[in-house]
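The structure appears below as structure tokens.
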Amino acid sequence: MKKFYAFLAFLCLNFSVAAQENEDTGSILEKRDTGQNELSINAFNIVVFGALDLAYERVINENSSWSTELFLLALNRDNGDDGEPFYKDFSATGRYKHFFSSNYARGFYISGFGMISNGEYDEYDYYYDEEGYILDNDENNYTDFAIGFGLGGKFVSSGGFFLDLSTGIGRNLFNEDSPTIVGHFNVNLGFRF
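Residues -19 to -1, 1 to 174 (mature numbering (1 follows the signal peptide of the UniProt record, and there is no 0)) are what the sequence shown spells out, left to right.
Below is the structure:
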């Protein structure tokens, strides 16, 4: 009978220690889940276009955050390809997000952004002379600042990994040689800590 009570005490102690470890692990996961810092990379741009697009985001409270994003086009512009997907070579973007979910900085959101960018913008002019239509191409280097808005959704796992899908549109304000409209399409994979 003493062996049975010793075994029962051992089981109770073992379950108690296991429950304590689960409570500790739960608090670590919850801390990660409600962390305030995030690092991410735009997987879509790096895989499809070879562009490096990194972001740091700071959660302000459960309904809002701000982020900074750096974009660097890694492709060689002199490769002879027509129809390049990006006019910009480099951009730095500041973004504010407001979340419409009861969860901590996740779910559906709207955002406002400001972006400074530079690159090479090609303008095409068509005109007609006695030989037919002629295409005139002007390559313009530009640096400009744009403001815009967007919307998206953020999905965060309990371990802190997340997927942030968003899109946005903005307008360049100052330089006549820059594209008028700028766009965002992000498929960011990252970690919240």
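All residues carry an ideal CB built from backbone N, CA and C; glycine is no exception.
Note that the structure is a prediction, hence the values are computed from the model and not measured.
Would you tell me roughly how many angstroms separate the C-alpha atoms of residue i and residue j, rounded to the nearest one?
| i | j | result |
| --- | --- | --- |
| glutamate 120 | serine 92 | 32 Å |
| arginine 87 | leucine 33 | 24 Å |
| phenylalanine 71 | tyrosine 123 | 11 Å |
| histidine 79 | leucine 132 | 9 Å |
| asparagine 18 | glycine 149 | 22 Å |
| valine 168 | arginine 152 | 21 Å |
| threonine 154 | phenylalanine 143 | At residue 154 the sequence reads leucine, which differs from the threonine that was named. Their Cα atoms are separated by approximately 33 Å. |
| asparagine 44 | histidine 165 | 22 Å |
| asparagine 26 | tyrosine 77 | 21 Å |
| valine 29 | phenylalanine 81 | 31 Å |
| serine 83 | serine 46 | 14 Å |
| serine 48 | phenylalanine 174 | 15 Å |
Let me know the secondary structure DSSP gives residue i once reduced to three states.
| i | result |
| --- | --- |
| asparagine 156 | coil |
| alanine 55 | coil |
| phenylalanine 81 | coil |
| arginine 76 | strand |
| tyrosine 68 | coil |
| alanine 86 | coil |
| glycine 140 | coil |
| glycine 129 | strand |
| serine 100 | Before going on, a small fix: residue 100 reads as glycine here, not serine. It is a strand residue. |
| glycine 16 | coil |
Could you give the C-beta distance for residue i and residue j, rounded to a whole number, given that I count them as a contact under 8 Å?
| i | j | result |
| --- | --- | --- |
| alanine 24 | leucine 146 | That pair is no contact at about 11 Å. |
| alanine 55 | glycine 31 | 5 Å |
| phenylalanine 172 | leucine 35 | Rounded, the Cβ-Cβ distance is 13 Å, inconsistent with contact. |
| glycine 16 | glycine 141 | 6 Å |
| lysine 69 | phenylalanine 89 | Not really, about 28 Å apart at Cβ, beyond 8 Å. |
Output the boundary residues of the beta strand (DSSP E) element that contains residue i.
| i | result |
| --- | --- |
| phenylalanine 25 | Segment 24 to 29 is the alpha helix (DSSP H) holding phenylalanine 25; no beta strand (DSSP E) there. |
| glycine 164 | 162 to 173 |
| residue 176 | Outside the displayed span of the chain (-19 to 174) sits residue 176, for which this structure offers no information. |
Check whether the Cβ of residue i lies closer than 7 Å to any heavy atom of the ligand ADP, and answer yes or no.
| i | result |
| --- | --- |
| leucine 53 | With respect to small molecules bound, the structure shown includes none, and the ligand ADP cannot be examined in it. |
Are the C-beta of residue i and some C-beta of chain B separated by less than 8 Å?
| i | result |
| --- | --- |
| glycine 151 | Looking at the structure shown, chain B is missing, and only one protein chain is on hand. |
Exercise. Are there three or more Cβ pairs, one per stretch, closer than 8 Å when the stretch 130 to 139 is compared with the stretch 95 to 102?
Worked result: These segments do not touch.
Problem set entry | Given 8 Å, three or more beta-carbon pairs between the stretch 39 to 47 and the stretch 150 to 168 | Too few Cβ pairs lie closer than 8 Å, so no.
For this session: Report yes or no: do three or more beta-carbon pairs, one from the stretch 78 to 95 and one from the stretch 121 to 133, lie closer than 8 Å?
Result: Per the Cβ contact rule, the stretch 78 to 95 is in contact with the stretch 121 to 133 (3 or more Cβ pairs under 8 Å).
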